[in-house]
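In what follows, a single structure is set out as structure tokens and then discussed.
In the working numbering, the protein residues as written are 2 to 339.
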């Protein structure tokens with residue numbers, strides 16, 4: 002693998018994808034304290050409902066300014082009625098936010114059944130009407146970005162969708178080049194992202210299957226004018242992924258395995274403490290950490306037995322025992338692949 006070269010990526014904005022159940026404010030703040038590689042975070046989607054009646058207290062709590070000090074957060078909304086988006090826009094603008102993101106990418110069956118997320122993409126007439134109403138009444142000083150898939154059923158739906166997006170002053174288009182029906186399976190359709198890169202009238206951000214530095218390097222080489230990359234599962238699995246690319250060996254303490262292990266342990270322990278402070282019930286912390294390990298466990302090998310015990314833990318004290326063993330004794334998978 003080539004030596005990391007920070008200048009190669011200095012013009013790239015790296016974002017953390019919103020992941021329900023994982024990237025809430027406790028996780029965002031903890032990640033930002035330990036790793037300085039991400040410049041923009043997005044909240045897991047918020048469903049405002051009609052006049053805010055569907056908005057959950059925990060969702061509003063997640064984007065409160067006091068819970069997001071020192072980071073750039075863009076709240077993400079999931080809805081298919083412009084009036085619902087506008088209701089939330091006025092409320093969130095009062096919190097100091099200057100940009101909101103529309104979720105047109107969620108592939109969940111329950112979301113799609115309500116014609117929201119990527120389920121809204123097949124309703125092109127309604128989608129265009131949504132944008133017409135939204136931008137006609139959007140409060141001054143507020144911008145709207147969009148995170149989208151390339152269609153619901155087939156990739157060729159993206160051509161018509163791109164025409165719709167280009168008709169409106171969308172501040173940024175984040176494209177995950179898969180259709181809803183693919184979920185996260187199969188190869189991403191980079192040919193459709195290439196179409197977006199050639200035709201989009203707004204800045205583009207690439208999202209999808211950025212697992213290793215080679216994936217990031219490949220996208221950057223193929224799309225040199227794309228200014229932003231969004232990472233989700235790859236960054237949860239390997240929190241140090243971007244730092245290995247962006248930092249010099251000296252800044253990474255030589256990149257030694259023990260130094261990386263110590264940083265991951267510190268991050269993990271801080272995350273547990275953060276959840277304990279935020280939630281009254283031990284089980285809430287336990288559930289959050291197990292969700293996190295669903296991805297983070299891929300950083301380690303030769304510890305399958307402890308990982309199984311970790312996932313079966315019924316108490317936080319039991320969890321800590323098994324997590325500590327994995328963190329201290331498990332082989333860092335990246336090292337075995339070099």
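For every residue, glycine included, the Cβ atom is placed at its ideal position computed from N, Cα and C.
message = Check whether the stretch 198-205 and the stretch 213-220 are in contact - that is, three or more C-beta pairs closer than 8 Å.
response = No: fewer than three Cβ pairs fall under 8 Å.
task = Return the chain-ordered list of same chain residues with a C-beta closer than 7 Å to the C-beta of residue 3, the five sequence neighbours on each side being excluded.
result = Reliability of the predicted coordinates at residue 3 is poor, the pLDDT of 39 falling under 50, and the value obtained from them is presented with this limitation in mind. Residues of the same chain with a CB within less than 7 Å of the CB of residue 3, apart from the 5 flanking positions on each side, do not exist.
query = Grouping DSSP H, G and I as helix and E and B as strand, with all else coil, what is residue 248?
reply = In the three-state DSSP reduction, residue 248 falls in the coil class, being neither helix nor strand.
request  = Output the distance between the C-alpha atoms of residue 193 and residue 160, rounded to the nearest integer angstrom.
outcome  = Cα-Cα distance, rounded: 9 Å.
request  = Compute the beta-carbon to beta-carbon distance between residue 304 and residue 322, rounded to the nearest angstrom, for a pair I have assumed lies under 8 Å.
outcome  = Distance from residue 304 to residue 322 at the Cβ level is roughly 13 Å; contact not present, criterion being Cβ atoms closer than 8 Å.
heavy atom of the ligand MN below 6 Å from residue 242 C-beta = Looking for the ligand MN in the displayed structure turns up nothing, as the structure carries no ligands at all.
key: Exposure label - residue 226; buried when at least 16 CB within 10 Å   = So residue 226 ends up on the exposed side.
key: Burial state of residue 128, where buried means 16 or more other Cβ atoms lie within 10 Å   = So residue 128 counts as buried.
request  = Name the two residues that bound the continuous alpha helix (DSSP H) containing residue 219.
outcome  = Start and end: 214-223.
inquiry  = Measuring only the C-alpha atoms, how far is residue 49 from residue 86?
reply    = It is roughly 7 Å from the alpha-carbon of residue 49 to the alpha-carbon of residue 86.
ask   = Would you call the CB atoms of residue 228 and residue 169 closer than 7 Å?
value = No, the Cβ-Cβ distance between residue 228 and residue 169 is not below 7 Å.
ask   = Got a sec, what are the start and stop residues for the alpha helix (DSSP H) residue 89 sits in?
value = Element bounds for residue 89: 83-95.
The stretch 56-68 touching the stretch 19-34, judged by at least three CB pairs closer than 8 Å = A contact exists between the stretch 56-68 and the stretch 19-34.
ask   = Alpha carbon to alpha carbon, how far is residue 155 from residue 90?
value = Using only the alpha carbons, I get a separation of about 32 Å.
key: Rounded C-alpha distance that separates residue 315 from residue 93   = Residue 315 and residue 93 have their C-alpha atoms spaced approximately 38 Å apart.
task = Quick one: residues in its chain with C-beta nearer than 8 Å to the C-beta of residue 312, no 5 flanking neighbours on either side, listed in chain order?
result = Cβ within range, chain order: 291 and 294.
ask   = With 16 other CB atoms within 10 Å as the buried threshold, where does residue 181 fall?
value = Counting other Cβ atoms within 10 Å of its Cβ, residue 181 reaches 16 or more and is therefore classed as buried.
message = Among 275, 204 and 242, whose alpha-carbon lies nearest the alpha-carbon of residue 213?
response = With distances taken between Cα atoms, residue 213 lies closest to 242.
query = Is the beta carbon of residue 300 sitting closer than 7 Å to the one on residue 239?
reply = Cβ atoms of residue 300 and residue 239: closer than 7 Å.
task = Kindly indicate which residue of 139, 111 and 103 has the alpha-carbon position closest to the one of residue 150.
result = Of 139, 111 and 103, the residue nearest in Cα terms is 103.
ask   = Considering only residues of the same chain and omitting the five flanking positions on each side of residue 147, which have a CB-CB separation below 8 Å?
value = Only 102, 103, 105, 166, 171, 173, 174 and 175 meet the Cβ criterion.
request  = Give the single residue among 224, 114 and 31 whose Cα lies nearest to the Cα of residue 275.
outcome  = That would be 31, whose Cα lies nearest to the Cα of residue 275.
query = How many Å lie between residue 205 and residue 262 at the Cα?
reply = For residue 205 and residue 262, the gap between their C-alpha atoms comes out near 35 Å.
task = Report buried or exposed for residue 208, applying the criterion of at least 16 other Cβ atoms within 10 angstroms of its Cβ.
result = Buried is the call here.
request  = Mind reading off the beta-carbon distance from residue 36 to residue 244? Whole number of angstroms is fine, and I expect it under 8 Å.
outcome  = With a Cβ gap of about 6 Å, residue 36 and residue 244 count as contacting.
key: Secondary structure of residue 118, DSSP reduced to three states   = Helix at residue 118.
key: Beta-carbon gap between residue 344 and residue 29 smaller than 7 Å   = A question about residue 344 goes unanswered here, because the residues of the chain that appear run from 2 up to 339.
Under the three-state DSSP convention, the category residue 110 falls into = Residue state, collapsed to three classes: helix.
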